[in-house]
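So the sequence shown is numbered by numbering that gives the first Met the number 0: it starts at 0 and just counts up by one. First the structure, in the form of structure tokens, and then the observations on it.
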Amino acid sequence: MKNNNSYFNSIIKKKRNNLYSKFIYSENIQQKELIKLRKKVLEIFSKSEKRNFQSFNKLMLFLNKTKVFFLKKDLDLMVGLESSLIELLKKKGLINKYIKGIEFPINIRIVHPQKPKKFKSKYDTGSIHCDPWAGEPNDLVNIVLYLKVNKFSPKINIYDIDQSKANYFSNLSKYYKNKFFLNTKRYFKEMKKIKKLPSLNLSHKNGSMFIFNCFTPHNSMREGKEVRLSLEFRLRLSDPYKSKKYWLNKTNRRGRYWYLPKLNTKTFNKRLDNEIRLLKKTNNHSSKIYLRKKEVNKFLFN
0 MKNNNSYFNS
10 IIKKKRNNLY
20 SKFIYSENIQ
30 QKELIKLRKK
40 VLEIFSKSEK
50 RNFQSFNKLM
60 LFLNKTKVFF
70 LKKDLDLMVG
80 LESSLIELLK
90 KKGLINKYIK
100 GIEFPINIRI
110 VHPQKPKKFK
120 SKYDTGSIHC
130 DPWAGEPNDL
140 VNIVLYLKVN
150 KFSPKINIYD
160 IDQSKANYFS
170 NLSKYYKNKF
180 FLNTKRYFKE
190 MKKIKKLPSL
200 NLSHKNGSMF
210 IFNCFTPHNS
220 MREGKEVRLS
230 LEFRLRLSDP
240 YKSKKYWLNK
250 TNRRGRYWYL
260 PKLNTKTFNK
270 RLDNEIRLLK
280 KTNNHSSKIY
290 LRKKEVNKFL
300 FN
């Protein structure tokens, strides 16, 4: 929690007007920034579907006809999306000295009005949760950026908490040694309490971006008749290689957290080369490089 508080305190000093609370910051990106990100995402969907979506609106018309969608992510294009996001966050002062790592590939989240039947309820984005309850690291900063949202689509719900609540939710993630809190009977008891907390009155607009502490309970409210498209990813406040626990887990693997890139690379191979160069400057780098390559071969090249 200490690193998380330090990061958000650094944001508070510069951006007081956009704070919902001590743990949640929001900002609407400029239209030209939104258009740039949409263009990157449009390329990724076009490559995935092997068809040319001529506009972002036509992509949304296509997605609104689906009940579930699995995106095939071209790694070179995902590097381009990551570069654009990092540039945006740095310009806004949201990537600073406290940020050590980033989730790769960035998650392009497609949230349907109804939960797809194939999804397990406990790991569904519609379930109220804090990410570490499902085995994620406890030094995360969550970011959600709306690419397309309206009154007919699902929206994110974030609960308003104070320091004592954040500490309490933090302790829940480490209470059980052998299984994640999200898989316990106590989880459902805690949900009854959390649902009584006030929800924040968020601005649900295209280009709205929310940055929040990883021990802030949140969920997607499935409603309406259209899909929501958003970029949802996490930043790390400590070295992503500090712990190798859950590195290759099928669910919520720690290996998908990389160092914040020092170079603006355009291909995945260059991105990987840059990561290995950074690792070679650390202690016990051979084992870290081995794990990175193993994660890439198992999850990204398949």
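Glycine residues also receive a C-beta, built at the ideal position from the N, C-alpha and C atoms.
Measuring straight from C-alpha to C-alpha, what distance separates residue i and residue j?
i	j	result
K287	V78	21 Å
I155	N301	31 Å
V40	L74	12 Å
L247	V295	10 Å
I127	N200	17 Å
D305	T266	Outside the modelled stretch of the chain, which goes from 0 to 301, sits residue 305, for which no answer is possible.
E86	K184	42 Å
L279	F151	According to the sequence provided, residue 279 is Lys. The question's Leu does not apply to it. For K279 and F151, the distance between alpha carbons rounds to 49 Å.
R227	L234	22 Å
N51	Y186	44 Å
I11	L18	7 Å
Y24	M59	28 Å
Y245	F180	15 Å
Q29	I94	18 Å
V67	N283	42 Å
I275	T281	10 Å
F232	F211	11 Å
K269	W257	14 Å
K176	K188	Interpretation of K176 is limited by its pLDDT of 47, a score under 50 that renders its predicted location unreliable; the figure taken from the coordinates is listed afterwards. Distance between the alpha carbons of K176 and K188 is about 19 Å.
K164	N170	10 Å
K72	I142	20 Å
L62	S285	43 Å
R221	P115	11 Å
Y240	L33	32 Å
A133	F298	19 Å
L80	T65	24 Å
K192	F168	12 Å
K293	D238	19 Å
G125	M190	13 Å
H203	K21	20 Å
Put residue i into one of helix, strand or coil per three-state DSSP.
i	result
K26	A quick correction: the sequence has Glu, not Lys, at residue 26. Strand at E26.
L228	strand
L60	helix
Y97	coil
S198	strand
N283	coil
V148	coil
L18	strand
N4	helix
N156	strand
L234	strand
R185	helix
E86	helix
Y240	coil
R252	coil
Q113	coil
Y167	helix
Just checking: is the beta-carbon of residue i within a distance shorter than 8 Å of some beta-carbon in chain D?
i	result
S47	No chain D appears in the structure shown, which is made up of a single protein chain.
Quick one: what's residue i bridged to in DSSP?
i	result
H128	H217
I193	DSSP, once it has assigned bridges, lists no residue as partnering I193.
F211	I23, N141
W257	I101
R336	Residue 336 is absent from the model: the chain starts at 0 and stops at 301.
Is the beta carbon of residue i sitting closer than 8 Å to the one on residue j?
i	j	result
L70	F44	yes
L259	I109	no
L230	L84	yes
P136	R253	yes
D159	L196	yes
Y364	L262	As displayed, the chain neither begins before 0 nor continues past 301, which places residue 364 out of reach and without an answer.
N27	G206	yes
E225	N273	no
I157	T215	yes
S198	P153	no
M208	L139	no
L290	K243	yes
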